[in-house]
Amino acid sequence: MQELIKKPLNEVDIFFKSCHHDPEKTVEATLDFFKKQLDCSTNDLLKVPSLNDIPQEQLMLGQLVRFRCMIQDMYDPEYFMPTFYKDDALVTSLFRDPLDENFGHEFADSRPVDRYTWHCIAVPAENEWVNNGYQRESNTSASIGADLYTAARDEEVPVKKRKSEQKAISDMQPLRYQCFPLSTHHKSCIVKVYSHTTCLGLNDVIEVVGIISRFPERAEESQLENICFGTDEYFFKNPPTSVIPRIHAVFCKKIFHQNPLLGYHIEEENAILRRRMLEEAPKWRNELMSILTQALLGDEHTAEYVLLHLISRVYIRHDVLPLGKFSLNLRNANAEHAKLLAQLFSQLLVKSHLVEMSLEFLNGTKFIPSKDYDLNRIESGLLQLPNGTHLICDENALDAGQLSAVGVENFKALGNMIQNQTVQYNFGFHRMEFDTDVPVLYVSQGKGLIRCDFQVKLHPVKPVHQLPEVTATIKEYLTDELLLNLRRYITITEMSDHKLNEEMQRTVQDDFVSMRAANPTMTADDLHNLLVVARYVALSKGELDLTLESWNHAKGLEAKRLASCA
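Reading the sequence shown from the start, the letters are residues 249 to 814 in the numbering used here.
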């Protein structure tokens with residue numbers, strides 16, 4: 249495996265010859281080979297050095313690398329000549345850049361082929377424990393990467409960055425920052441994709457494995473000097489590899505849950521662990537309830553709604569209705585509550601982010617992604633987030649003043665995402681709607697300015713001034729072992745499917761008739777909310793079918809919530 253990591257292009261060249269110099273067959277054979285090699289063996293996949301963990305300077309030209317990332321933009325297809333003549337021999341430019349092998353300029357008698365180009369960024373809002381977990385999982389990568397780095401360093405002569413490269417970096421940096429929705433995780437790469445059958449899309453989180461391009465210094469300088477003959481768009485999308493690594497993908501896999509404690513396939517690799525966690529779900533539910541109740545100063549009812557929010561997701565879309573969404577407005581809570589919950593979420597969830605909604609932030613931050621037609625790329629915004637990212641929005645930070653036009657648009661966009669789980673990207677002449685799945689906990693003193701699916705009023709048993717003591721107590725209580733189990737519990741319950749059998753369907757219908765008779769103002773929307781609560785009550789207990797006990801529990805929760813918010 250180490251030889252394959254070090255010299256993957258040898259395999260490409262072998263397939264090129266065995267496929268009689270046919271570019272399409274070469275691509276197909278190469279992708280099939282690496283899929284069998286990497287998709288069937290998680291151990292082999294983890295041996296490939298990861299750009300998430302290793303600086304690109306420690307990677308050698310033409311070696312295999314991995315990158316766990318989000319597809320931030322998908323550029324137009326690019327066309328290139330797949331074959332060249334070098335020393336009178338026919339060679340291929342597939343899975344590499346021409347400068348990599350110092351190809352000549354004599355094209356072979358073949359038609360151009362196309363490939364896709366993606367701009368991929370480190371997963372936004374990914375919490376620190378997730379990255380640490382992947383690093384531990386890939387403990388062999390560091391040693392292999394170090395070996396390759398030593399070999400590369402021995403072969404190359406260190407040269408200081410030339411002025412042309414330094415200028416390119418400084419000119420490009422402000423534009424690069426606009427490609428990231430958040431102010432952290434500024435790592436990205438350009439991915440060249442040769443498969444035309446991929447079903448991946450914008451904002452998907454993927455693990456891409458590919459062949460890295462790192463140009464020699466002289467070739468890089470020559471490219472930079474000649475780039476003035478190209479357009480700004482070309483310069484932006486083909487930056488120096490010292491600034492943005494370039495990866496020619498041989499294997500891509502969509503990551504659905506991103507929890508390093510569960511592997512890539514919950515159903516396949518961890519079926520036993522999954523069954524055990526569902527069997528033990530009541531135990532971990534009680535543990536999580538205890539922690540959340542402490543964080544909410546003794547309010548067990550509110551803590552249960554926060555727990556249900558933690559395991560929520562959009563599990564299906566019926567026409568335009570996203571089923572399963574569980575945005576929660578936590579009322580009577582101050583900024584300290586928001587910070588404590590954000591800190592707790594960062595320890596339990598894969599992805600989370602605190603948004604302090606000050607007037608300055610709303611007026612000065614870009615929420616909505618937009619199309620930059622000069623560079624033909626998507627300029628990111630705060631709401632360009634991967635599915636499963638939990639936002640904690642703190643309305644307490646909103647001070648007196650007037651929202652600008654940008655602030656009003658941001659507020660509307662956030663409200664639209666909370667209510668419909670869609671984000672309307674601004675393409676100048678029109679808006680394009682993208683589905684998303686971003687659960688939002690909206691913290692406010694009174695009723696939130698943005699309508700959420702559920703609102704619950706905090707009734708603390710302990711005084712608010714004890715929050716620092718509560719924070720310290722929770723920190724001490726959360727041992728590494730407990731955190732490990734809670735992280736598994738949350739992901740497994742969130743990803744599990746839930747059914748409503750025929751008997752329970754009749755029970756729900758009968759109860760709805762009875763509730764309508766007792767309260768004529770009850771609507772179908774109220775029933776929908778009740779079913780959503782019942783779904784997550786059952787899943788939180790490890791039940792894949794709704795039971796009568798969980799249904800009655802959900803009815804009690806909703807009755808108490810509605811009474812307290814009246």
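Where a beta carbon is used, it is the ideal one built from N, C-alpha and C, also for glycine.
Is it true that the CB of residue j sits closer than 8 angstroms to the CB of residue i?
i, j, result
"A373", "K599", "yes"
"L450", "I319", "yes"
"I459", "P297", "no"
"L578", "V704", "yes"
"S618", "P429", "no"
"V781", "L805", "yes"
"R699", "Q669", "no"
"Q753", "N580", "no"
"C641", "V603", "yes"
"N375", "L597", "yes"
"F232", "H638", "As displayed, the chain neither begins before 249 nor continues past 814, which places residue 232 out of reach and without an answer."
"D547", "H707", "yes"
"V441", "Y364", "yes"
"F609", "L662", "no"
"L312", "V453", "no"
"S443", "H367", "no"
"T739", "N507", "yes"
"L689", "L589", "yes"
"L794", "S744", "no"
"N798", "K808", "Reading off the sequence shown, one finds Ser at residue 798, where the question assumed Asn. Cβ distance not < 8 angstroms, so S798 and K808 don't count as in contact."
Going by other Cβ atoms of all chains shown within 10 Å of its Cβ, with 16 needed for buried, is residue i buried or exposed?
i, result
"V568", "exposed"
"P711", "exposed"
"E791", "buried"
"T771", "exposed"
"F328", "exposed"
"D728", "exposed"
"T741", "buried"
"E251", "exposed"
"R783", "buried"
"G649", "exposed"
"C317", "buried"
"E413", "Note that E413 scores a pLDDT of 49, beneath 50, so its modelled location is shaky; the value from the coordinates is reported in the next line. E413 comes out buried."
"Y817", "Any property of residue 817 remains undetermined from this structure, which presents the chain solely from 249 to 814."
"N474", "Summary for N474: the model assigns pLDDT 49, below 50, so the residue's position carries little reliability; its value from the coordinates is reported in the next sentence. N474 should be labelled exposed."
"T331", "buried"
"Y482", "exposed"
"I564", "exposed"
"H713", "exposed"
"H268", "exposed"
"D685", "buried"
"R359", "exposed"
"T479", "exposed"
"D362", "exposed"
Check for me: the alpha helix (DSSP H) holding residue i runs from which residue to which?
i, result
"T721", "715 to 725"
"M743", "728 to 743"
"M537", "529 to 543"
"I559", "That residue, I559, is in no alpha helix (DSSP H); it is neither H nor E in DSSP."
"C813", "796 to 813"
"D773", "772 to 788"
"V656", "653 to 668"
"D759", "750 to 766"
"Y382", "376 to 385"
"E481", "480 to 485"
"Q250", "250 to 254"
Between which two residues does the beta strand (DSSP E) harbouring residue i extend?
i, result
"F328", "326 to 328"
"G458", "453 to 461"
"L697", "Per DSSP, L697 belongs to no beta strand (DSSP E) and is neither H nor E."
"M680", "679 to 683"
"N582", "First-last for N582: undefined, no H or E at that position."
"L338", "337 to 340"
"K334", "331 to 334"
"L689", "688 to 691"
Tell me whether residue i counts as near the ligand SAM, meaning its Cβ is closer than 7 angstroms to at least one heavy atom of that ligand.
i, result
"D774", "By its list of ligands, the structure shown contains no ligand whatsoever, and the ligand SAM lies outside what it can speak to."
Any contact between the region 754 to 763 and the region 543 to 550? By contact I mean 3 or more CB pairs, one from each, below 8 angstroms. They do not touch, by the three-pair rule.
Within 8 angstroms, do at least three Cβ pairs link the region 492 to 507 to the region 277 to 289? At 8 angstroms Cβ cutoff, the stretches touch.
When the Cβ atoms of the region 629 to 638 are set against those of the region 569 to 583, are three or more pairs found closer than 8 angstroms? They do not touch, by the three-pair rule.
Would you say the region 641 to 649 touches the region 667 to 681, given that touching needs at least three Cβ pairs under 8 angstroms? Taking 8 angstroms as the limit for Cβ pairs, the verdict is that the region 667 to 681 does not touch the region 641 to 649.
Below 8 angstroms, can you find three or more Cβ-Cβ pairs linking the region 522 to 540 to the region 291 to 306? With the rule of 3 Cβ pairs closer than 8 angstroms, the region 522 to 540 does not count as touching the region 291 to 306.
Three or more C-beta pairs closer than 8 angstroms, one from the region 256 to 269 and one from the region 335 to 345: is that the case here? Because the criterion of three Cβ pairs below 8 angstroms is met, the region 256 to 269 and the region 335 to 345 touch.
To test your reading of the DSSP string, which unbroken beta strand (DSSP E) runs of 3 or more residues are found completely within the region 258 to 291? Restricted to the region 258 to 291, not a single beta strand (DSSP E) segment is unbroken, complete and at least 3 residues in length.
Quick check: the region 486 to 496 against the region 524 to 532, are at least 3 beta-carbon pairs closer than 8 angstroms? Touching, no, given that fewer than three Cβ pairs across the two stretches are closer than 8 angstroms.
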